[in-house]
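Q: Mind looking over this structure? Questions follow.
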Amino acid sequence: MVGLQHLEIRQIDDDPVLMEQSYRLRYQVYCLERGFLNAADYPDQLERDEYDSFSLHAGVITDQQQLVGTLRLVKICMEELPLFRHCTISEECKERLRQEDVRLAEVSRLCMSRECRDDQIGNSRVGLNLFRATYQTAKRNGLTHWLAAMEPSLHRLLAAVGVPFRIVGPVVDYFGPVAPYMCDIEEFDTIILSGKRPRLRTFLDGLEPQYLPHAVVA
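If you want it as structure tokens, here you go:
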């Protein structure tokens, strides 16, 4: 079992060692464990695709510099996001996301080490830190909204924590039921600052003052 006493979150794009660990973890989860992708297409056992060059990558890292969770935020024009290979979103959502004040990214390739998933406490800690990494990476890069394609079971878990993803399109069958969801990060800020979800207050830990929600700065 990996040591999970001390976990760090950070953007890892400038760290080639952690990026390799991220691609290797993605291969393990998406190719070998879940069978979403053909392992034979990745002979180096590193799962990468054309969207990685347009993405911000973040990770959850132990104090032994072992990456135990990873995700990416894909930043390209809305119509070219990978989500649209399988999902559609409502016209109302499209109209909102096309407005000039919106800076959008798709949350993608979110996964964690099997050792963490097999341990209930480790699963909870790494999972929460993965979305803390998502939030902080978004704040540091000026994002205002997320899109994500996810299983309803994951959405229920995030809703229980307090992450306000809302369904914006029909469920489709893609290795099981998947639907598109949107999150307004300003709405998420309000939930964090309300104090109604105490665990979410940790999402602000380590975030530089210029990126904190305005109520905290004030």
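Residue numbering for the sequence shown is 154 to 371, as defined by the working numbering.
Yeah, the Cβ is synthetic: ideal placement off N, Cα and C, and Gly gets one too.
Computed from a prediction, not measured in an experiment: that's the story for all the values here.
Whole alpha helix (DSSP H) runs in the segment 219-269 with 4 or more residues, listed along the chain?
A: Complete alpha helix (DSSP H) runs here, min 4: 244-250.
Q: For S306 and Q252, what's the separation of their Cα atoms in angstroms?
A: Their backbone Cα atoms lie some 30 Å apart in a straight line.
Q: Along the beta strand (DSSP E) that carries I165, what are the first and last residues, could you check?
A: Here I165 belongs to no beta strand (DSSP E), and DSSP marks it neither H nor E.
Q: Exposed or buried, which one is N426 when buried takes at least 16 other CB atoms within 10 Å?
A: Because the chain here runs from 154 to 371, residue 426 falls outside it and cannot be looked at.
Q: When the Cα of D202 is compared with those of R187, P235, D254 and F328, which residue comes out closest?
A: Per the Cα distances, P235.
Q: Note down the Cα distance separating A211 from G322, rounded to an integer number of angstroms.
A: In a straight line, the C-alpha of A211 is about 27 Å away from that of G322.
Q: Express the C-alpha separation of F189 and A302 in angstroms, rounding to a whole number.
A: Distance between the alpha carbons of A302 and F189 is about 14 Å.
Q: Considering only the alpha carbon of each residue, which of L300, L257, K247 and L365 lies closest to L263?
A: L263 has its Cα closest to that of L300, out of L300, L257, K247 and L365.
Q: Name the one or two DSSP bridge partners that G212 has.
A: Answer by DSSP bridge pairing, in chain order: R163 and T223.
Q: Assuming contact is defined by CB atoms lying nearer than 9 Å, are V221 and E268 in contact in what I supplied?
A: Contact: yes.
Q: In the structure shown, what three-state DSSP assignment does R285 receive?
A: If DSSP states are grouped into helix, strand and coil, R285 belongs with the helices.
Q: Near R293, what residues of its chain come up, given a Cβ to Cβ distance below 6 Å and the 5 sequence neighbours on each side ignored?
A: Answer for R293: Y364, listed in chain order.
Q: Determine the closest residue to D205 out of S277, Y176 and D254, with distance taken between C-alpha atoms.
A: Checking every option, the nearest Cα to that of D205 belongs to Y176.
Q: Shortest alpha-carbon distance to K349 belongs to which of V213, I242, A313 and S243?
A: The shortest C-alpha separation from K349 is found at A313.
Q: Given that a residue counts as buried once 16 or more other Cβ atoms are within 10 Å of its Cβ, and exposed if not, what is C230?
A: C230 is exposed by the Cβ-count criterion.
Q: Could you check if A371 is buried or exposed, using at least 16 other CB atoms within 10 Å of its CB as the buried criterion?
A: Its pLDDT being 46, under 50, A371 is placed unreliably by the model, and the measurement read from it follows with that caveat. Label assigned to A371: exposed.
Q: Which full runs of the beta strand (DSSP E) of 3+ residues lie inside the segment 275-328, going along the chain?
A: Those beta strand (DSSP E) runs which fall completely within the segment 275-328 and span 3+ residues are 298-303.
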